[in-house]
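Student:
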Amino acid sequence: MSNTSTAVRIPQQDLVGRTPLVGSYPLLIALLAVALGVSGAPAPLYGIYQREWHLAPLTTTLVFAVYAFAALGSVLVAGKVSDKVGRKPLLVGAAVAMIVGLAIFMTAHGVAALFVARALHGAAVGTTVVVGSAALLDLRPHDGARTGHLTGIMFNVGIATTVLAAALLAQYAPDPLVTPYAVIGLVVLVLLLNLLLMGEPHQARSPEPIRLSRPGVPADIKHDFRFAVLGVMAAWSVLGVYLSLFPTFAGVSTGIHSLVFGGSVVAAMAGAAAVSQAFGGRLVARTAAITGDFATAVALVLSWLAINSHHASLVVGAAVLMGLSFGLAFGGSLRHLGSVVPAGQRGEVMSAYYVLAYSAMAVPTILAGWAATQWSLATIFPWFTAGVALACLTAGVLGVASRRPVAQLA
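Quick note: to get the numbering used here, add 13 to the position in the sequence shown (first position is 1).
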């Protein structure tokens with residue numbers, strides 16, 4: 014995803030003769046950031062749904078999990094479809110689906126609407142991540158590492174900004190379950206209008222039939238795959254809980270039931286992850302991943318201690334530490350895997366990677382939600398902490414034990 018030919022870089026003159034309102038490259042970066050923001054927008058509002066609609070924690074986590082499973086499905090098929098029909102049609106469709114999902118949230122009067130909206134958003138965000146990343150590579154094919162680094166940062170910036178904005182709007186604007194979605198919808202609409210003006214970045218068309226990317230891992234990188242995927246599974250399981258249950262749990266623990274506080278906790282975590290990825294990109298990939306794995310285990314323990322302290326400042330501080338370690342673990346693991354995957358098998362390996370990553374986001378969150386219906390969150394959080402911390406430590410140990418020369422793993 015680097016600087017391509019002059020024809021592509023001239024004020025991003027689009028490929029059918031029209032000029033977008035903004036350059037195609039920054040437009041796509043913004044779309045990726047906003048898409049991840051849409052995925053996190055309900056996080057500070059789940060407490061309102063639970064209180065006003067009398068939802069059990071399990072219901073909240075199932076609503077969240079629907080998003081993860083829908084995203085997984087789209088991740089497996091969207092890339093192949095875009096190779097066949099082009100990037101732009103899928104990106105336009107994803108933006109429309111985001112707006113429709115936001116409209117369903119705005120008019121929801123029952124939990125069924127939440128499931129539909131989250132399924133739409135999961136499919137839309139999964140499509141945007143895969144197809145948008147491919148479109149960026151089309152525009153700047155020689156700068157893939159830099160673009161991947163930038164998009165990783167913007168993912169977290171999008172989550173942090175949107176979650177905090179949603180919390181502020183819900184707290185201080187009228188109609189807390191309408192206004193945040195309406196404002197985010199207007200932002201997506203602006204991006205959609207620009208997408209309609211953007212030219213198709215992918216001119217070649219694949220002659221292969223459209224099919225799901227079959228997950229698989231070559232034997233010679235299985236050790237590297239286990240190390241990378243275990244780290245990202247641990248990191249994403251933390252992200253799932255932070256985006257579903259943790260804001261409400263933090264409010265209960267500290268006695269601060271402000272939506273802004275819950276949103277600030279999530280924003281602090283995501284914002285710190287963006288900072289961590291920004292600076293962690295200078296480290297060797299394996300070194301960053303190992304550091305992040307061990308640090309995430311420590312941050313999980315500190316989060317548990319912070320929750321038990323009932324002090325808001327310590328809870329926010331623990332969220333910042335969690336974000337810093339999460340950013341290193343996720344960014345380093347992804348860069349490490351990308352450096353060892355054979356070029357001809359990237360599709361099947363990354364499919365396996367994302368199957369496990371999205372499963373790790375959904376399944377532990379569902380289990381935590383179910384357990385919270387049997388016991389309190391305060392009772393189950395130490396067990397969740399211990400399980401994920403053990404996974405992080407195992408990933409770190411696998412990385413340390415690797416016999417590959419560091420130069421090969423950068």
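Idealized CB from N, CA, C, for every residue including glycine.
Determine, using beta carbons only, whether Met170 and Ala46 come nearer to each other than 8 Å.
Tutor: According to the sequence displayed, residue 170 carries Val and not Met. It is a contact, given that the beta carbons lie within the stated cut-off.
Student: Using 10 angstroms around the beta-carbon of Phe292, count the other beta-carbons present and answer buried if the total reaches 16, otherwise exposed.
Tutor: Flag for Phe292 reads exposed.
Student: Which residues mark the beginning and the end of the alpha helix (DSSP H) in which Ala432 is found?
Tutor: In this structure the chain extends from 14 to 423, so residue 432 is not present and cannot be described.
Student: With distance defined between alpha-carbon atoms, name the residue in Thr304, Ser338, Val329 and Ala302 nearest to Met312.
Tutor: It should be pointed out that residue 312 corresponds to Ala in this sequence rather than to Met. That would be Ser338, whose Cα lies nearest to the Cα of Ala312.
Student: With 16 other CB atoms within 10 Å as the buried threshold, where does Tyr59 fall?
Tutor: Answer is buried; the Cβ neighbour count reaches 16.
Student: Nearest to Val279 by alpha carbon, out of Gly36, Pro39, Ile42 and Ser52?
Tutor: Checking every option, the nearest Cα to that of Val279 belongs to Ser52.
Student: Helix, strand or coil for Ile61? Go by DSSP, reduced to three states.
Tutor: Helix.
Student: Compare the beta carbon distance of Ala298 and Leu341 with 8 Å and say whether it is the shorter of the two.
Tutor: Result no, Cβ atoms of Ala298 and Leu341 do not sit closer than 8 Å.
Student: To the nearest angstrom, how far is the alpha carbon of Leu256 from that of Met335?
Tutor: The straight-line gap from Cα to Cα measures roughly 13 Å.
Student: Just checking, does the region 176–193 make contact with the region 86–106 on the three C-beta pairs under 8 Å criterion?
Tutor: With a cut-off of 8 Å, the region 86–106 and the region 176–193 do not count as touching, because too few Cβ pairs lie within range.
Student: Given a cut-off of 8 Å, decide if Gly294 and Gly344 are closer than it, judged by their beta-carbon atoms.
Tutor: Yes, these two residues count as a Cβ contact at 8 Å.
Student: Using only CA atoms, which one of His67, Leu85 and Leu243 lies nearest to Val368?
Tutor: When only C-alpha atoms are compared, the closest one is Leu85.
Student: What are the start and end residues of each continuous alpha helix (DSSP H) run of 4 or more residues lying completely inside the region 59–111, in chain order?
Tutor: List check, alpha helix (DSSP H) in window: 59–66 and 70–98.
Student: Of all the options Gly276, Met282 and His215, which has the alpha carbon lying nearest to the alpha carbon of Ala248?
Tutor: Checked all of Gly276, Met282 and His215; the closest Cα to Ala248 is Met282.
Student: Compute the distance between the beta-carbons of Phe424 and Val79, then report whether it is under 8 Å.
Tutor: Limits of the chain in this structure are 14 at one end and 423 at the other, which puts residue 424 out of reach.
Student: With burial defined as no fewer than 16 other Cβ atoms inside 10 Å of the residue's Cβ, what is the status of Pro102: buried or exposed?
Tutor: That one is exposed.
Student: Near Pro214, which residues of its chain fall below 6 Å by C-beta distance, leaving aside the five closest residues on each side in sequence?
Tutor: Correct list, in chain order: Arg100, Ala148, Asp151 and Leu152.
Student: From Val254, Lys235 and Cys405, pick the residue whose C-alpha is nearest to that of Met363; which is it?
Tutor: Per the Cα distances, Lys235.
Student: What is the rounded straight-line gap between the Cα of Thr74 and the Cα of Trp388?
Tutor: Looking at the two C-alpha atoms, the distance is approximately 15 Å.
Student: Use the C-beta contact count for Gly50: other C-beta atoms within 10 angstroms, 16 or more gives buried, fewer gives exposed.
Tutor: The residue is buried, with at least 16 neighbouring Cβ atoms inside 10 Å.
Student: Could you name the residues of the same chain whose beta carbon sits closer than 7 Å to that of Gly275, not counting the 5 residues immediately before and after it, in chain order?
Tutor: Only Pro57, Gly60, Ala180, Pro260, Thr261, Ala263 and Gly264 meet the Cβ criterion.
Student: For Arg131, which option in Ala116, Gly244, Pro39 and Val143 has the closest C-alpha, if you only look at C-alpha atoms?
Tutor: The shortest C-alpha separation from Arg131 is found at Ala116.
Student: Pick out whichever of Leu68, Thr160 and Ala301 has its Cα sitting closest to the Cα of Pro39.
Tutor: Among Leu68, Thr160 and Ala301, the Cα nearest to that of Pro39 belongs to Thr160.
Student: Just to confirm the assignment: which complete alpha helix (DSSP H) runs, minimum length 4, are found wholly within the region 233–302?
Tutor: Fully enclosed alpha helix (DSSP H) runs of 4 or longer: 235–257, 259–267 and 272–293.
Student: Pick out whichever of Gly139, Ser326, Leu272 and Ser289 has its Cα sitting closest to the Cα of Ala178.
Tutor: Looking at the Cα atoms, Leu272 is the closest of the given residues.
Student: Report the rounded CA-to-CA distance for Ala391 versus Ala385, giving the unit in angstroms.
Tutor: Their backbone Cα atoms lie some 9 Å apart in a straight line.
Student: Give me the Cα-Cα distance between Gln26 and Ser37, rounded to the nearest whole angstrom.
Tutor: Caution applies to Gln26, whose pLDDT of 43 falls short of 50 and renders its modelled position unreliable; the value that the coordinates give is listed next. Cα to Cα, the separation comes out at about 8 Å.
Student: Going straight from the alpha carbon of Ala402 to that of Ala302, what length do you get?
Tutor: Approximately 14 Å between the Cα atoms of the pair.
Student: When we look at the beta-carbon of Gly229 and count the other beta-carbons within 10 Å, is it buried (16 or more) or exposed?
Tutor: Exposed is the call here.
Student: Taking the CB atoms as reference points, tell me whether Met374 and Ser266 lie closer together than 8 Å.
Tutor: Result no, Cβ atoms of Met374 and Ser266 do not sit closer than 8 Å.
Student: For Ser87, which residues from the same chain have a beta carbon less than 6 Å from its beta carbon, with the 5 sequence-adjacent residues on both sides left out?
Tutor: The answer, listed in chain order, is Ala136, Gly139 and Thr140.
Student: Which word fits Tyr185, buried or exposed, when buried means at least 16 other C-beta atoms lie within 10 angstroms of its C-beta?
Tutor: Exposed, because fewer than 16 other Cβ atoms sit within 10 Å of the Cβ of Tyr185.
Student: If you run the structure through DSSP and keep just helix, strand and coil, what is His162?
Tutor: Helix, per DSSP.
Student: Please list the terminal residues of the continuous alpha helix (DSSP H) segment that includes Asp151.
Tutor: Val124 to Leu152 is the extent of the alpha helix (DSSP H) around Asp151.
Student: Do you know whose CA, among Ile320, Val142 and Val353, lies nearest Phe238's CA?
Tutor: Closest by alpha carbon: Val353.
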